[in-house]
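In my numbering, the protein residues as written are 9 to 256.
All C-beta atoms, glycine included, are put in the ideal place defined by N, C-alpha and C.
See below for the structure under consideration.
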Amino acid sequence: MSDLNHIDLKAIPEHIAIIMDGNGRWAKSQGQDRIFGHTKGVDAVRETLRAAADLKVKFLTLYAFSTENWNRPKEEVEGLMNLLVMSLANELEELNENGVRLQAIGNIKGLPKECQESLEEAIIQTRNNTSITLVLALNYSSKWEIEEMVKSIAKQIKKDSISLDEIDENLISEELTTKEIPDPELLIRTSGEHRVSNFLLWQIAYTEFYFLDIFWPEFGKKQLIEAIYDYQNRERRFGLVSEQLKGA
Ligand code: IPE
Ligand code: IPE
Ligand code: MG
Numbered sequence: 009m010s011d012l013n014h015i016d017l018k019a020i021p022e023h024i025a026i027i028m029d030g031n032g033r034w035a036k037s038q039g040q041d042r043i044f045g046h047t048k049g050v051d052a053v054r055e056t057l058r059a060a061a062d063l064k065v066k067f068l069t070l071y072a073f074s075t076e077n078w079n080r081p082k083e084e085v086e087g088l089m090n091l092l093v094m095s096l097a098n099e100l101e102e103l104n105e106n107g108v109r110l111q112a113i114g115n116i117k118g119l120p121k122e123c124q125e126s127l128e129e130a131i132i133q134t135r136n137n138t139s140i141t142l143v144l145a146l147n148y149s150s151k152w153e154i155e156e157m158v159k160s161i162a163k164q165i166k167k168d169s170i171s172l173d174e175i176d177e178n179l180i181s182e183e184l185t186t187k188e189i190p191d192p193e194l195l196i197r198t199s200g201e202h203r204v205s206n207f208l209l210w211q212i213a214y215t216e217f218y219f220l221d222i223f224w225p226e227f228g229k230k231q232l233i234e235a236i237y238d239y240q241n242r243e244r245r246f247g248l249v250s251e252q253l254k255g256a
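Here it is as structure tokens:
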């Protein structure tokens, strides 16, 4: 019931965010090491990005590495950083062919130099593309982002460049790393975990959540369409009652 013929192509979410989880457990189920799972995870990213672009999703945000992920074993962290550098180099041509603009959110300055350089290069080389924006959350945590926002606003107050009354929802959103990105309408998490893991806490205030049990390397076009189908069959009430939305 959730093939392309059943979703409304005129009501596709503008922004979908994904917590790509389960690479390690998927690898284990195949008798492989965790890095093998992450490598397969990149294939799932490629397929999902293509499908999202075809459906005319405008922003796809992928949680690729959290601030907490630094605490994993050293080999895994190094493997992930190498995979990032290699994937950016390998995928750049396809990103450009498909009109993908790359952006990154998170504490980018805290990434190894090589990662920062590859990211910067890919961001510059894709900056004029207009089909879809792929936002990679790297060394990202929402509490870090909120801390930075509070510091920045406090500095502006201290310098008297803004007054207390000027602090509102809009100013706060402007001070987050997502300032140029609309809030996601849909958040997907794979692997059967039902948590947010320090991702986009402010931005998901009214987001619809979609959890599925499969591991990230098993995710692709079919599952993306199913998630959108599910999303399209919900009523987003934003605090109102159903009758108000139906204009009764
Ligand atoms: C998600 O898969 C990728 C990252 C967090 C980098 P995991 O590596 O968390 O895989 P599981 O959850 O341990 O199976
Ligand atoms: C969340 O996955 C972070 C990413 C997908 C990058 P984790 O696997 O790190 O989350 P927890 O630790 O299970 O909450
Ligand atoms: Mg995990």
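Alpha helix (DSSP H) segment containing residue i, residue limits
i    : result
S74  : First-last for S74: F67 to S74, but that is the beta strand (DSSP E), not the alpha helix (DSSP H).
N90  : K82 to E105
E153 : S150 to K166
H46  : R42 to D62
I132 : K121 to Q133
K36  : N31 to S37
S181 : E177 to E182
Nearest-angstrom Cα separation, counted from residue j out to residue i
i    : j    : result
W34  : D173 : 50 angstroms
A6   : E251 : Since the displayed the chain opens at 9 and closes at 256, residue 6 lies outside it and no answer follows.
E234 : L96  : 28 angstroms
G45  : Y71  : 16 angstroms
S181 : G39  : 44 angstroms
L179 : S37  : 46 angstroms
C123 : V50  : 16 angstroms
L88  : F246 : 38 angstroms
L119 : N147 : 7 angstroms
E125 : R135 : 15 angstroms
K167 : I161 : 10 angstroms
T215 : N241 : 14 angstroms
T138 : K64  : 11 angstroms
R244 : A130 : 36 angstroms
E156 : M94  : 30 angstroms
D176 : T141 : 27 angstroms
D260 : T47  : This structure gives no information on residue 260, because the portion of the chain shown stretches from 9 to 256.
Q231 : D221 : 11 angstroms
A112 : A52  : 19 angstroms
K117 : E128 : 11 angstroms
G255 : F217 : 26 angstroms
I212 : E226 : 25 angstroms
K159 : H14  : 47 angstroms
E102 : R54  : 9 angstroms
Contact test: residue i Cβ vs ligand 2 heavy atom, cutoff 7 angstroms
i    : result
E84  : no
A25  : no
F315 : Residue 315 cannot be examined here, being either before or after the span of the chain that is shown, 9 to 256.
D29  : yes
S205 : yes
N115 : no
N147 : no
E76  : yes
Residue i Cβ short of 7 angstroms to ligand 1 heavy atom set
i    : result
R245 : no
S199 : yes
R42  : yes
G49  : yes
W152 : no
L91  : no
L70  : no
L220 : no
L144 : no
L96  : no
L195 : no
Cβ separation of residue i and residue j, assumed to be a contact under 8 angstroms, to the nearest whole Å
i    : j    : result
D29  : W152 : Contact doesn't hold; Cβ gap of about 19 angstroms is too wide.
T69  : G228 : In fact, because the Cβ distance is near 18 angstroms, the residues do not count as touching under 8 angstroms.
E76  : I43  : E76 to I43, Cβ: 19 angstroms. No contact.
W78  : I154 : Contact doesn't hold; Cβ gap of about 19 angstroms is too wide.
D196 : I26  : Sequence inspection shows Ile at residue 196; the Asp mentioned does not correspond to that position. With 8 angstroms as the limit, I196 and I26 qualify as a contact, their Cβ atoms being about 5 angstroms apart.
L92  : Q133 : Contact flag wrong, Cβ pair sits at about 16 angstroms.
S150 : N115 : At roughly 12 angstroms, the Cβ-Cβ gap does not stay under 8 angstroms, so S150 and N115 are not in contact.
N106 : A61  : 6 angstroms
Where the beta strand (DSSP E) containing residue i begins and where it ends
i    : result
L195 : L194 to R197
R109 : V108 to I113
A19  : Where A19 is concerned, there is no enclosing beta strand (DSSP E), given that its DSSP letter is neither H nor E.
Residue i: CB within 7 angstroms of a non-hydrogen atom of ligand 3
i   : result
G32 : yes
Residue i Cβ short of 7 angstroms to ligand 4 heavy atom set
i    : result
L208 : Looking for ligand 4 in the displayed structure turns up nothing; the ligands present are ligand 1, ligand 2 and ligand 3.
Segments of 4+ residues assigned as alpha helix (DSSP H) that fall wholly inside the segment 209-253: Under the rule that a run must span 4 or more residues, the alpha helix (DSSP H) segments found entirely inside the segment 209-253 read 229-240 and 250-253.
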